[in-house]
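For reference, each letter of the sequence shown is one residue, going -21 to -1, 1 to 260 in mature numbering (1 follows the signal peptide of the UniProt record, and there is no 0). Positions of the beta carbon are idealized from the N, C-alpha and C atoms, including for glycine.
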Amino acid sequence: MRRTLPVVALCAALLSPGVTAEAAPGPAPAPPSGRVFSYGQHARQTITVYGGEPSRRPALVILHGGSWARDTDWSGWARWFAARGFAVYDTDYRLTSDAAWPAQRQDVLAALRWVRAREGGERPLVLGSSAGGHLAVQAATYGTGGSRVRAVAALSPVASPYRAWRDGGVPGAPADRRALRGAAQRLAGCRPDPDARRCWARWTDLTAASHASRGDAPQLLVHSAGDFVPRAHSTDLAGALRRAGQRDVLARTVPGSAHGGRLLKAPGVAKNVLEWLRGRA
């Protein structure tokens, strides 16, 4: 929910259950202001657009993190990428407090259609973080993802909510993994049980690797060595994509323990992501 909404009542609705800053970017030259648009009827189905007229710059859709349960503020990084040549579409979607899965994916797909229509049919790039990284890799793999998006960069993507649920249940699991386990279960709406077919099918659908195909979009998947969302989320996805025939996929691990948008503050990561996106624009 973008931070400059013109209507106070709508702003209050959008900020519930709370906005937190996901990362604080470095300085950007002449950061552009954003304009808010709606791509659906729900208060959270909004996009804030930064930088340039449609089709004159490569389009970049940003999907925020927040455990599918809260909004996080990406306006700073949206301006940073806009100042470096992108038309940035900072996108919100319904949270688990608003609707059950697959509503979140449906929102992202609807937002992508809105962006493509505004961009004259051009497929956008996508940058997602954590839970937003999960939605980004879903957009890249669900159906024929490459027909929908040009490429996806995902920071700490929760590519397998089932893995997150399982990891959070290990004895002695740290608090952040336990919290993510609960968030994944709220997203699915049930506990994973192979004997409960409907529930198990939902957990399978939530796993991006289950949708991997040759026609999926190129992907850059980044974790830190100490990330509480471990790199196995991305290496498993990358393996499934390669087996399906998609060769333009890179799972990268960087030093430290940064998670999600904070990875962009790690040495060289923002530049690497920027150059990777530019190379596929």
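One alpha carbon belongs to arginine 97, the other to aspartate 86, and they sit about 17 Å apart. Shown here for alanine 57: same chain residues with a beta carbon closer than 8 Å to its own, the five before and five after excluded, namely Gly13, Thr27, Tyr29, Ile41, Val67, Asp69 in chain order.
Straight-line spacing of the CA atoms in alanine 133 and glycine 112 works out to 5 Å. Taking the Cα of glutamate 101 as reference, the smallest distance to any Cα among Ala188, His202, Pro33 is reached at Pro33. Inclusion of serine 213 and proline 136 in the CB contact set at 8 Å is warranted, their separation being smaller than that value. With respect to the 8 Å criterion, proline 197 and valine 233 are not classified as neighbours on the basis of their beta carbons. In the structure shown, leucine 159 falls within a helical segment according to DSSP collapsed to helix, strand and coil. Annotated three-state conformation of serine 126 is helix, per DSSP. Shown here, threonine 120 sits in a helix according to DSSP, grouped into three states. Counting along the chain, the unbroken alpha helix (DSSP H) around glycine 55 starts and ends at 54 to 61. For leucine 74, there is no enclosing alpha helix (DSSP H), as DSSP marks it with neither H nor E. Counting only residues of its own chain and dropping the five nearest sequence neighbours on each side, glutamine 83 has a CB closer than 7 Å to the CB of Trp47, Tyr72, Arg73, Leu114.
Proline 81 is positioned such that its CB atom lies closer than 8 Å to that of aspartate 184.
Scanning its chain for C-beta atoms nearer than 7 Å, with the 5 sequence neighbours on each side dropped, one finds around alanine 230 the residues Leu200, Arg210, Ser213, Thr214, Ala217, in chain order. Cβ-Cβ distances below 6 Å link glycine 31 to Ala66 in the same chain, with the five nearest sequence neighbours on each side left out; the list follows chain order. Histidine 202 has Thr232 as its beta-bridge partners, per DSSP. When DSSP states are grouped into helix, strand and coil, glycine 239 belongs to the helix group. According to the DSSP assignment, serine 213 belongs to the alpha helix (DSSP H) that extends over 211 to 223. Note that the C-beta distance between aspartate 195 and glycine 124 is below 8 Å. According to the DSSP assignment, aspartate 69 belongs to the beta strand (DSSP E) that extends over 66 to 70. Under DSSP, arginine 14 forms a beta bridge with Val28. Shown here, threonine 51 sits in a strand according to DSSP, grouped into three states. With respect to the 8 Å criterion, glycine 147 and arginine 165 are not classified as neighbours on the basis of their beta carbons. Contact between alanine 61 and leucine 256 fails: their C-beta atoms lie close to 13 Å from each other, not under 8 Å.
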